[in-house]
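Engineer: Chains as they are written, first to last, in this note's numbering: chain A, -16 to 78; chain B, 10 to 217.
Mind having a look at this structure? Questions to follow.
What follows is the structure, given as C-alpha cells:
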C-alpha cells in the first residue's frame, strides 16, 4: 500500500468509527489535572486539535506562526486561555 | 504509537480517532470471553477511551517493530474490560438483613434439641423411622440414642474430640460418654445385622 492509498483510506469515512472525541478530551483533562497541570482543560483542547491534525509540536507551531515553546507550555497546562495568542485561543474556545 | 512513545500526548487523540475501531475489536473479543455478547455503543466507546488512556500510560515501554499496540497491550485492555464486567455473585440480601436484625441462626434445624429434631424426622423420613425402630429393638433408651446422634453430629462437623464436647452436656466424664456411645453402637449394629428389616441401615455411620 503506497502512501497515497494509505492517506486516502485514513480519510475515508468507513475507516473511522463514531469516535466520541469529547469524551477523550474530558478524560485527558482529568488525566492532566491529576498530573499537576494548572490549566488542564486548555491543554486537553490543544492536544485534541493537534492530535486530530496529526502534526508534531514544531510543525503545528510553524503552521500557526507561534513559538513551539509556547505551544509546549500550553499543552503542559502552564498557560491559561487568556494568555494564549489569538489563533490558539480561538481553537480552544471552539472545542 | 511512535509519537506516543516519544512522549507526544496529543497522539492519543490520533490513535483514538483512527484506530479506535481496532481497539474496540480487542475489547469486543475480551467481552465475548467474559460472556458479554451484546454491549451498548456508549459503553463500548467508554471502554475504548479507557483502553486508549491505558495505552498512553504504558506507551514508553512499546518498541517500534513489535506487535501492534492494541495486541501488545492486550493485558492492560483485558484488565479494563474485566473491571467493567465485574464479578457476578448471588445476592445475600436476606442473609445480610437477618444479621442486621441480630437474628439468631439455627443452621440446620429449627429445634433447639436434637431429640426434637429426631422426633420430627421420624414422622417425615422413613429411614429415620427405621432408625428409631432399630433403637427400640436394641433396647436403647432415648437418652442413649440422643448421645449417639449428638456424637455423630459432632464427628460430622469435624470435632476432633466429641466426647469432651458432649460430656458436660450429659453430665458424665468423656470416657463414660465414649463408652456409652460405643456400647450403644454395638447394640444397634447387632440388631441391624440380625434383622433383615433394618438392612437399609447397614451402611449408616451411626451403626458403623
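A virtual CB, placed ideally from N, CA and C, is assigned to each residue, including glycine.
Residue 39(A) touches chain B at which residues, Cβ-Cβ below 8 Å?
Structural biologist: What residue 39(A) touches in chain B: 12, 17.
Engineer: Alpha carbon to alpha carbon, how far is residue 24(A) from residue 10(B)?
Structural biologist: Using only the alpha carbons, I get a separation of about 23 Å.
Engineer: For the alpha helix (DSSP H) that residue 79(B) lies in, which residues bound it at each end?
Structural biologist: 78 to 81 is the span of the alpha helix (DSSP H), which, as asked, contains residue 79(B).
Engineer: Is it buried or exposed, residue 28(A), if we count other Cβ atoms within 10 angstroms and call 16 or more buried?
Structural biologist: Buried, by the Cβ-count rule.
Engineer: Within 10 angstroms of its Cβ, does residue 77(B) collect 16 or more other Cβ (buried), or is it exposed?
Structural biologist: Flag for residue 77(B) reads exposed.
Engineer: Between the Cα of residue 206(B) and the Cα atoms of 144(B), 56(B), 149(B), which residue gives the shortest distance?
Structural biologist: Comparing Cα positions, the closest option is 144(B).
Engineer: Where does residue 59(B) land, buried or exposed, given buried means 16+ other C-beta within 10 angstroms?
Structural biologist: Buried, since its Cβ has 16 or more Cβ neighbours within 10 Å.
Engineer: Could you check which residue in 68(B), 175(B), 81(B), 62(B) has the C-alpha nearest to that of residue 89(B)?
Structural biologist: The option with the nearest alpha carbon to residue 89(B) is 62(B).
Engineer: To the nearest whole angstrom, what separates the beta carbons of residue 52(A) and residue 12(B), a pair I think is in contact under 8 Å?
Structural biologist: About 19 Å; that fails the 8 Å criterion.
Engineer: Can you tell me which of 186(B), 203(B), 54(B) puts its alpha carbon nearest to the alpha carbon of residue 173(B)?
Structural biologist: Checking every option, the nearest Cα to that of residue 173(B) belongs to 186(B).
Engineer: Which residues in the same chain as residue 122(A) place their Cβ atom closer than 7 Å to its Cβ, once the five residues preceding and following it in sequence are excluded?
Structural biologist: The question about residue 122(A) has no answer, for chain A in this structure spans -16 to 78.
Engineer: Mind checking if residue 26(B) is an interface residue toward chain A, Cβ cutoff 8 Å exclusive?
Structural biologist: Yes - at least one Cβ of chain A is within 8 Å of the one on residue 26(B).
Engineer: Do residue 82(B) and residue 34(A) have their C-beta atoms within less than 8 Å of each other?
Structural biologist: Not closer than 8 Å, so no.
Engineer: Under DSSP, the alpha helix (DSSP H) around residue 195(B) begins and ends at which residues?
Structural biologist: Here the alpha helix (DSSP H) through residue 195(B) covers 183 to 203.
Engineer: Leaving out five residues on either side along the sequence, give the residues of the same chain with a beta carbon under 8 Å from the beta carbon of residue 194(B).
Structural biologist: Cβ neighbours of residue 194(B) beyond the five flanking positions: 157, 215, 216, 217.
Engineer: Whose Cβ in chain B lies nearer than 8 Å to the Cβ of residue 6(A)?
Structural biologist: Those are 54, 55, 58, listed as they occur along chain B.
Engineer: Within the same chain, show all residues whose beta-carbon is closer than 8 Å to that of residue 23(B), passing over the 5 residues directly before and after it, in chain order.
Structural biologist: Same-chain partners within the cutoff: 12.
Engineer: Residue range of the alpha helix (DSSP H) that residue 142(B) falls in?
Structural biologist: Per DSSP, residue 142(B) belongs to the alpha helix (DSSP H) from 135 to 146.
Engineer: Between the Cα of residue 198(B) and the Cα atoms of 149(B), 171(B), 124(B), 164(B), which residue gives the shortest distance?
Structural biologist: Looking at the Cα atoms, 149(B) is the closest of the given residues.
Engineer: Compute the beta-carbon to beta-carbon distance between residue 71(B) and residue 32(B), rounded to the nearest angstrom, for a pair I have assumed lies under 8 Å.
Structural biologist: Rounded, the Cβ-Cβ distance is 14 Å, inconsistent with contact.
Engineer: Can you check whether the C-beta of residue 48(B) is within less than 8 Å of a C-beta belonging to chain A?
Structural biologist: No, no contact with chain A.
Engineer: Is there a Cβ from chain B that is less than 8 Å from the Cβ of residue 60(A)?
Structural biologist: So, not an interface residue.
Engineer: Determine, using beta carbons only, whether residue 70(A) comes closer than 8 Å to chain B.
Structural biologist: By this cut-off, residue 70(A) is not an interface position.
Engineer: Assuming the contact rule is C-beta atoms closer than 8 Å, residue 56(B) and residue 93(B) should be a hit. Round their C-beta distance to whole Å, please.
Structural biologist: Indeed, because the Cβ distance is near 6 Å, the residues count as touching under 8 Å.
Engineer: Can you give the Cα-Cα distance for residue 166(B) and residue 160(B), rounded to whole angstroms?
Structural biologist: Approximately 10 Å, taken between the alpha carbons.
Engineer: Under 7 Å between beta-carbons, which chain B residues line up against residue 30(A)? List them in chain order, please.
Structural biologist: Ordered by position in chain B, the residues that pass the 7 Å Cβ test against residue 30(A) are 18, 19, 22.
Engineer: Within 10 angstroms of the Cβ of residue 188(B), are there 16 or more other Cβ atoms? Answer buried if so, exposed if not.
Structural biologist: The residue in question, residue 188(B), is exposed, as its Cβ has fewer than 16 Cβ neighbours within 10 Å.
Engineer: Please decide whether residue 73(A) counts as near chain B, where near means a Cβ-Cβ distance under 8 Å.
Structural biologist: Cβ-Cβ to chain B under 8 Å: no for residue 73(A).
Engineer: Below 8 Å between beta carbons: does that hold for residue 151(B) and residue 124(B)?
Structural biologist: Yes, Cβ-Cβ distance for residue 151(B) and residue 124(B) is below 8 Å.
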